[in-house]
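Numbering (this note's numbering), first residue to last: 474 to 949.
Now the structure itself:
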């Protein structure tokens with residue numbers, strides 16, 4: 474990671490997907506030369522009154538949108554029995570999500586199966602369609618509308634199928650996580666100051682055996698919790714350990730962190746320890762277990778600090794570093810390069826840390842400068858960050874600027890290669906964009922949380938106020 478690799482046509486990878494009139498690339502015509510394609514930057518480049526922006530379908534191998542009844546602040550992919558890594562379309566994915574409804578009684582946990590996820594008009598099929606369309610530009614718009622919108626969007630493929638099972642939940646759901654070792658077991662951080670663990674394995678099994686969506690899927694059911702614990706206030710920080718089955722950590726808005734130890738004989742009960750000492754001054758915003766050390770986790774908070782803990786030493790954190798001069802909203806621990814950590818803050822700054830050189834600051838302002846990379850691209854608070862489970866140098870972030878960015882720390886700009894590829898129709902990348910910006914997805918309304926699919930390399934999911942986006946960039 475310290476020896477950057479050259480980008481494979483970075484200009485062709487800077488693709489923006491936007492909804493309706495908030496796109497991806499802008500085409501301008503020079504009266505003296507041929508048409509030139511340039512990268513359009515959301516929030517920076519203006520849009521003319523007579524301009525309509527459209528995303529490039531060839532930038533995606535697949536792209537799907539879906540919604541439930543209410544916005545969801547949090548979701549998680551559920552590990553399935555279909556194997557991985559897998560790449561053949563159509564795909565099937567399983568998710569669990571928690572709602573933020575208008576009233577407490579209307580909330581629920583949704584176990585979802587998305588089936589027959591094809592490519593539609595994306596990927597190589599889109600490129601072929603564009604070539605065919607360019608040969609018939611003279612035809613009337615009315616002739617182009619002869620086929621139905623569904624047929625056009627699916628490109629002749631059968632439509633995707635949406636299956637669900639709903640479980641009642643009293644109060645809004647701030648964070649939800651599926652246990653890696655037992656995916657049907659789910660931890661829920663509610664806005665009622667309570668963390669609840671339920672077993673939804675039977676719902677996942679029902680969904681797996683269901684060929685067609687049924688009316689039963691709309692009926693909300695009651696499930697008795699496996700365990701619950703009340704915090705002194707509500708919170709958002711929650712994470713299952715990858716290294717120790719059933720071990721959970723939760724943090725609240727008063728700076729309290731509690732570790733959950735599974736009872737002997739399996740996950741049918743937990744012993745919740747007292748609050749860790751020497752915690753954050755204010756809200757704990759996020760938590761992440763070490764992917765390889767069963768007793769070690771990291772926390773971040775509104776006090777701007779990142780703290781590494783060992784549950785065998787409850788008196789204080791092992792390391793405490795003021796990594797940001799403002800609230801730290803999210804963190805992610807790299808599962809393939811376990812000494813790398815990422816954090817995102819309220820200013821939109823994204824920082825990369827090497828834990829081998831993690832140390833308190835010596836600067837007068839108290840903010841540590843030991844990060845190995847920093848990106849200031851986002852123009853609003855970072856709401857989610859996560860490392861790729863397949864590429865150690867790759868991570869994704871999203872923010873309240875309505876953008877999701879995929880980064881590759883191993884990229885560097887190659888002007889000669891970009892110039893050579895320009896005649897092939899590749900967009901000209903602005904020098905103001907970071908060389909490590911690999912892909913840009915836009916068009917969402919206030920994205921809240923993103924995840925990589927652990928069994929389908931390159932597939933990403935994100936939840937926003939206007940629903941879910943599930944997509945796979947063509948350059949990953």
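We put the CB at the ideal spot given by N, CA and C, even for glycine. Here the structure is a predicted model, which is why all the values come from computation and not from measurement.
- Using a Cβ-Cβ distance cut-off of 8 Å, the segment 715-728 and the segment 678-696 are not in contact, since fewer than three pairs of beta carbons, one from each stretch, lie closer than that value.
- For residue 729, the three-state secondary structure derived from DSSP is coil.
- When rounded, the separation of the alpha-carbon atoms in residue 789 and residue 748 is 11 Å.
- Between residue 759 and residue 803, the C-beta spacing is below 7 Å.
- Checking the DSSP bridge columns, you'll see residue 671 partnered with 659.
- If the five residues before and after residue 558 are omitted, its C-beta is found closer than 8 Å to the C-beta atoms of 863, 928, 929 and 930, all from its own chain and listed in chain order.
- Bounds of the beta strand (DSSP E) holding residue 722 are 721-724.
- Contact between the segment 789-798 and the segment 847-862 is absent: fewer than three C-beta pairs spanning the two stretches fall below 8 Å.
- Out of 938, 636, 781 and 593, the CA that lies nearest to the CA of residue 683 is found in 636.
- In the displayed model, residue 577 falls within a helix according to three-state DSSP.
- A distance below 6 Å between beta-carbons, with the five flanking residues on each side excluded, links residue 922 to the following residues of its chain, in chain order: 547, 857 and 936.
- Between residue 710 and residue 724, the C-beta spacing is below 7 Å.
- Within the segment 835-910, the runs of alpha helix (DSSP H) that reach at least 4 residues and sit entirely inside it are, in chain order, 888-894.
- Classified as buried, residue 669 has 16 or more neighbouring CB atoms from the shown chains inside 10 Å of its CB.
- Around the C-beta of residue 817, 16 or more other C-beta atoms lie within 10 Å, and the residue is accordingly described as buried.
- For residue 803, the enclosing beta strand (DSSP E) has its first and last residue at 801-806.
- The residues 940, 941, 942 and 943, in chain order, have a CB closer than 8 Å to that of residue 538 in the same chain once the five nearest residues on each side in sequence are set aside.
- Collapsing the DSSP output to three states places residue 831 in coil.
- The closest CA to that of residue 706, considering only 647, 584 and 568, is found on 647.
- Residue environment for residue 948: buried (at least 16 other C-beta atoms within 10 angstroms of its C-beta).
- Counting C-beta pairs with one atom in each stretch, the segment 673-683 and the segment 579-587 have three or more that are closer than 8 Å, which means they touch.
- Per the DSSP secondary-structure output, residue 734 pairs in a beta bridge with 744.
- If you look at residue 778, you'll find it in the beta strand (DSSP E) that goes 778-783.
- If the five residues before and after residue 673 are omitted, its C-beta is found closer than 6 Å to the C-beta atoms of 584, 657 and 659, all from its own chain and listed in chain order.
- Rounded to whole angstroms, residue 822 and residue 828 show a C-alpha spacing of 19 Å.
- As the crow flies, the alpha-carbon of residue 832 is around 10 Å from that of residue 826.
- Boundaries of the beta strand (DSSP E) around residue 641: 634-641.
- It is roughly 10 Å from the alpha-carbon of residue 731 to the alpha-carbon of residue 784.
- In the structure shown, residue 597 adopts helical secondary structure according to DSSP, grouped into three states.
- In chain order, 783, 784 and 785 place their CB closer than 7 Å to the CB of residue 768, counting only its own chain and leaving out the 5 sequence neighbours on each side.
- The continuous beta strand (DSSP E) containing residue 921 extends over residues 920-925.
- In this structure, residue 582 places its C-beta atom within 7 Å of the C-beta atom of residue 640.
- Taking residue 663 as reference, the option from 671, 642 and 535 with the minimal CA-CA separation is 642.
- As for any beta strand (DSSP E) of minimum length 3 sitting wholly inside the segment 508-550, the runs are 509-512, 533-539 and 545-550, ordered along the chain.
- For residue 793, the secondary structure class from DSSP, reduced to helix, strand or coil, is strand.
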